[in-house]
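For what it's worth, the working numbering labels the leading residue of the sequence shown as 1, then goes sequentially.
To keep things clear, I will list the structure first and then write my remarks on it.
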Amino acid sequence: MPLISRPFPITGEGNEHPYDLLIIGAGISGLSMAHSAAAAGLKVLILEQERQAGGCLHSHRFSGELDGFWLELGAHSVFNSYGNLLAMLEAARALDRLRPRVKVGFRMLADGVVRGIPSQLHFSELLLAPFRLLGLKKAGRSVADYFGRIVGPRNYATVFEPAFNAVICQPAGEFPAECLFNPRPRRKDFPRSFTIAGGLQTIAEALANDLPVQYGQTVQATQQTDEGFSIATDDGEYRARSLCLATPAAEAARLLQHDFPELSAALAQIQTAWVESVGVAIPKASLKISPVAGLIGRNAAFYSVVSRDTVPDPAWRGFTFHFRPGALDESGKLDCIARILGLPRQELTNVVSKTNQLPALRVGQSDLIGAVDRALAGTRLALTGNYFTGVAIEDCVTRSRTEWERLRRECG
Ligand SMILES: Cc1cc2nc3c(=O)[nH]c(=O)nc-3n(C[C@H](O)[C@H](O)[C@H](O)COP(=O)(O)OP(=O)(O)OC[C@H]3O[C@@H](n4cnc5c(N)ncnc54)[C@H](O)[C@@H]3O)c2cc1C
């Protein structure tokens, strides 16, 4: 993995506010906030604890005999409905690197057996779905309540709930319906679903390349001062007039505890869902299973398996298993992967892993975020991330855009 790092001076005496805006976190939320602010001429710096940009955009690039092959350990797909993301990629001159995803179907691992999804549907129950949809509002309803009413209880339990769990990598039943599948206009000049050369982390790298990012800087504390904000990392102190937190909600709650206790308490209500992701690369010739976009797990140790068959490689195939937290130990995960792929376990030699976190949103989310936004109004503190309107990449970019517009007004 390339180390992208640029030296930036840590603030010193007589250099009170060298930055207009400090941003904590170089995931897609922080990068998109920085992109807007830098384009408007602000002096921006991003502080990132890891040695690379991306956060949940994490494409493992193999070396040696697998040189050139990559696997997604986090997000895997972007869509032509991600208009704000596409506009940003256009400005970063990265559109020519986009690659369409080949159309292959999803299948389901239902109670230990791989099956086609249509075979699991109860069509008689689905017949009335269009009528049940009429007048049904998402607001105030959970995914289980809203979608269960539409597709019927048996379809929900056997197909839709496992599919929604797979989409948001967590138990989806209590997630707010209004935070899932919100319609957005599609840009017909792009394929419906696509990725980018080298995997989705390339998006983060393309953006980070044009921005000042200080890597390996874990922010330990933030403090509001008379002139703005002071930020402490393991290495020193940074100061700026404005501050944007683009970290997971729990980390934002921790960092705001001292100076913004009400905001911190609101953010602390957002729970975290953990996902244990394990990717494997296998020589094409070793596998008998036909091309597949992925597997949805029903009563399985994993929410989903996401395959690289959507971006085929001449020699290798790859699969990332997104395991439920704590369901299996490391050895159990490898046994599970070997069984599903129909391989002896000793053939799993190219194995990589990452623990991901996502917000476990709940009904009442829009009220919670309303309170957060009211507390932010009039301040030069900005919050962005995947815990506002939804967890999709486009939700993050859209939040950053609207939060940037507010911050710009606050800064006059
Ligand atoms: C397995 C998985 C699959 C997904 N698939 C898709 C998909 O196909 N399509 C889609 O649209 N979305 C998908 N998503 C969701 C989407 O990827 C995420 O919601 C989004 O990337 C989150 O971006 P973010 O910048 O808000 O947060 P993150 O990506 O979590 O970034 C936060 C950053 O802040 C840094 N940080 C945290 N604390 C500190 C600190 N104290 N100091 C300095 N740095 C700090 C972290 O290191 C990290 O880089 C998926 C998510 C997961 C986990």
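Glycine is no exception: its CB is placed at the ideal position from the N, C-alpha and C atoms.
Around the Cβ of T389, are there at least 16 other Cβ atoms within 10 angstroms (buried) or fewer (exposed)?
For the purposes of this step, residue 389 is taken as the residue at position 389 of the sequence shown. T389 comes out buried.
N- and C-terminal bounds of the alpha helix (DSSP H) containing R414:
The chain is shown from 1 up to 412; residue 414 falls before or after that span and cannot be answered.
N209, DSSP secondary structure in three states:
Here residue 209 refers to the residue found at position 209 when the sequence shown is read from its first residue. Helix at N209.
In terms of residues, what are the limits of the alpha helix (DSSP H) holding N84?
The residue you call residue 84 lines up with position 84 of the sequence shown. Where N84 is concerned, the enclosing alpha helix (DSSP H) stretches over G83 to A91.
P248 beta carbon near ligand 1 (any heavy atom closer than 7 Å):
Here residue 248 refers to the residue found at position 248 when the sequence shown is read from its first residue. P248 Cβ: within cutoff of ligand 1.
Name the one or two DSSP bridge partners that Y156 has.
As a position in the sequence shown, residue 156 is number 156, starting the count at 1. DSSP lists no beta-bridge partner residue for Y156.
heavy atom of ligand 1 below 7 Å from E405 C-beta:
Against the sequence shown, residue 405 aligns to sequence position 405. No; taking the cut-off as 7 Å, the Cβ of E405 has no heavy atom of ligand 1 nearer than that.
Would you mind reading off the limits of the alpha helix (DSSP H) that contains I369?
As a position in the sequence shown, residue 369 is number 369, starting the count at 1. First-last of the alpha helix (DSSP H) with I369: Q365 to L376.
Short Cβ contact (8 Å threshold) for S353 with V278
The residue labelled residue 353 in the question sits at position 353 within the sequence shown. The residue labelled residue 278 in the question sits at position 278 within the sequence shown. A contact, by the Cβ cut-off of 8 Å.
Nearest candidate by alpha-carbon position, reference A268, set T247, A177 and V397
Sequence index remark: in the sequence shown, residue 268 carries index 268 (1-based). Of T247, A177 and V397, the residue nearest in Cα terms is T247.
Are there 16 or more other CB atoms within 10 angstroms of the CB of G12, so buried, or fewer, so exposed?
Start at 1 with the first residue of the sequence shown, and residue 12 comes out as number 12. Since pLDDT at G12 reaches only 37, below the 50 mark, its modelled position is unreliable, and the value read off the structure follows with that caveat. Within 10 angstroms of the beta-carbon of G12 lie fewer than 16 other beta-carbons, which makes it exposed.
Distance, Cα to Cα, F175 vs E65?
Residue 175 sits at position 175 when you count from the first residue of the sequence shown. Residue 65 sits at position 65 when you count from the first residue of the sequence shown. Cα-Cα distance, rounded: 42 Å.
Boundaries of the beta strand (DSSP E) in which D20 is found, first to last residue
In the sequence shown, counting from the first residue as 1, residue 20 sits at position 20. Counting along the chain, the unbroken beta strand (DSSP E) around D20 starts and ends at Y19 to I24.
Counted within 10 angstroms of its Cβ, other Cβ atoms place Q357 as buried (16 or more) or exposed:
Counting from one through the sequence shown, the residue named residue 357 turns up at place 357. With 16 or more other Cβ atoms within 10 Å, it is buried.
Apart from the five residues on each side of it in sequence, which residues of its chain come closer than 7 Å, Cβ to Cβ, to Y387?
Numbered from 1 along the sequence shown, position 387 holds the residue referred to as residue 387. The beta carbon of Y387 sits closer than 7 Å to those of A249, I270, P359 and L361, all from its chain and outside the five residues before and after it, given in chain order.
Would you mind reading off the limits of the alpha helix (DSSP H) that contains F164?
Numbered from 1 along the sequence shown, position 164 holds the residue referred to as residue 164. Note, F164: alpha helix (DSSP H), E161 to I168.
Per DSSP, which residues does Q357 bridge with? Please list them.
In the sequence shown, counting from the first residue as 1, residue 357 sits at position 357. DSSP lists W274 as partners of Q357.
Neighbourhood of L407 by C-beta distance below 8 Å, restricted to the same chain and skipping five residues each side:
Counted from its first residue, the sequence shown places residue 407 at position 407. Excluding positions up to five away in sequence, the list reads L21, A37, S242, C244, R380 and A382.
Let me know the alpha helix (DSSP H) ranges lying completely inside the stretch 246–323, each 4 residues or longer, listed in chain order.
Counting only runs of at least 4 residues, the stretch 246–323 fully encloses the following alpha helix (DSSP H) elements, listed from N- to C-terminal order: 249–256 and 261–268.
Cβ-based burial, K103 [other Cβ within 10 Å; buried from 16]:
For this step, residue 103 is matched to residue 103 along the sequence shown. Exposed.
Just tell me which of S119, G318, Q52 and T158 has its CA closest to the CA of A144.
The count along the sequence shown starts at 1 and reaches residue 144 at position 144. Ranking the options by Cα distance to A144, first place goes to T158.
Here's the rule I'm using: 16 or more other beta-carbon atoms within 10 Å means buried, otherwise exposed. How should Q346 be labelled?
The residue given as residue 346 occupies position 346 in the sequence shown. Within 10 angstroms of the beta-carbon of Q346 lie fewer than 16 other beta-carbons, which makes it exposed.
In or out: A392 buried (at least 16 other Cβ within 10 Å) or exposed?
By one-based count along the sequence shown, residue 392 stands at place 392. The residue in question, A392, is buried, as its Cβ has 16 or more Cβ neighbours within 10 Å.
On the DSSP letters alone, give me the boundaries of the beta strand (DSSP E) that L334 sits inside.
As a working note, residue 334 is residue 334 in the sequence shown. Looking at the DSSP string, L334 is not in any beta strand (DSSP E); the run it does join, the alpha helix (DSSP H), is E330 to L341.
Alpha-carbon to alpha-carbon, Q224 and R99
The residue you call residue 99 lines up with position 99 of the sequence shown. The residue you call residue 224 lines up with position 224 of the sequence shown. If you take the alpha carbons of R99 and Q224, they lie about 44 Å apart.
Residue burial classification, L3 (beta-carbon count within 10 angstroms, cutoff 16)
Counting from 1 along the sequence shown, the entry for residue 3 is found at position 3. Legend: pLDDT at L3 = 32, less than 50; position of this residue unreliable, no value from coordinates given.
Given the structure, does H258 come close to ligand 1, in the sense that its CB is under 7 Å from one of the ligand's heavy atoms?
Walking along the sequence shown from the start, residue 258 turns up at place 258. No, the beta carbon of H258 sits no closer than 7 Å to any heavy atom of ligand 1.
Hey, L126 and V151 are a contact pair by Cβ (cut 8 Å); roughly how many whole angstroms apart?
By one-based count along the sequence shown, residue 126 stands at place 126. By one-based count along the sequence shown, residue 151 stands at place 151. Right, the Cβ-Cβ distance comes to about 6 Å (below 8 Å), so this counts as a contact.
Would a C-beta distance cut-off of 8 Å place V397 and I340 closer than the cut-off?
As a first step, residue 397 is located in the sequence shown; it is residue number 397 there, counting from the start. As a first step, residue 340 is located in the sequence shown; it is residue number 340 there, counting from the start. Note that the C-beta distance between V397 and I340 is not below 8 Å.
Apart from the five residues just before and just after L85, which ones in its own chain have a Cβ nearer than 7 Å to its Cβ?
Along the sequence shown, read from residue 1 onward, the residue named residue 85 stands at position 85. Counting only residues of its own chain and dropping the five nearest sequence neighbours on each side, L85 has a CB closer than 7 Å to the CB of V78, I393, E394 and V397.
Closest to G173 by CA distance: which of F181, R184, F160 and N182 is it?
To locate residue 173, count along the sequence shown from 1; it is residue 173. Ranking F181, R184, F160 and N182 by Cα distance to G173 puts F160 first.
Assuming T320 contacts L71 (C-beta within less than 8 Å), just tell me the rounded distance between them.
By 1-based counting over the sequence shown, the position of residue 320 is 320. By 1-based counting over the sequence shown, the position of residue 71 is 71. That belief holds up - the Cβ atoms of T320 and L71 are roughly 6 Å apart, short of 8 Å.
Can you tell me which of the three DSSP states S77 falls into?
The sequence position of residue 77 within the sequence shown is 77, counting from 1. In the structure shown, S77 adopts coil according to DSSP, grouped into three states.
Let me know the secondary structure DSSP gives V352 once reduced to three states.
Counting from one through the sequence shown, the residue named residue 352 turns up at place 352. In this structure, V352 counts as strand in the three-state DSSP scheme.
Ends of the beta strand (DSSP E) at I28?
Numbered from its first residue, the sequence shown carries residue 28 at position 28. Segment I28 to A39 is the alpha helix (DSSP H) holding I28; no beta strand (DSSP E) there.
Can you tell me the Cα-Cα spacing of G216 and G54, whole angstroms?
What you label residue 216 is simply residue 216 of the sequence shown in a count that begins at 1. What you label residue 54 is simply residue 54 of the sequence shown in a count that begins at 1. The straight-line gap from Cα to Cα measures roughly 13 Å.
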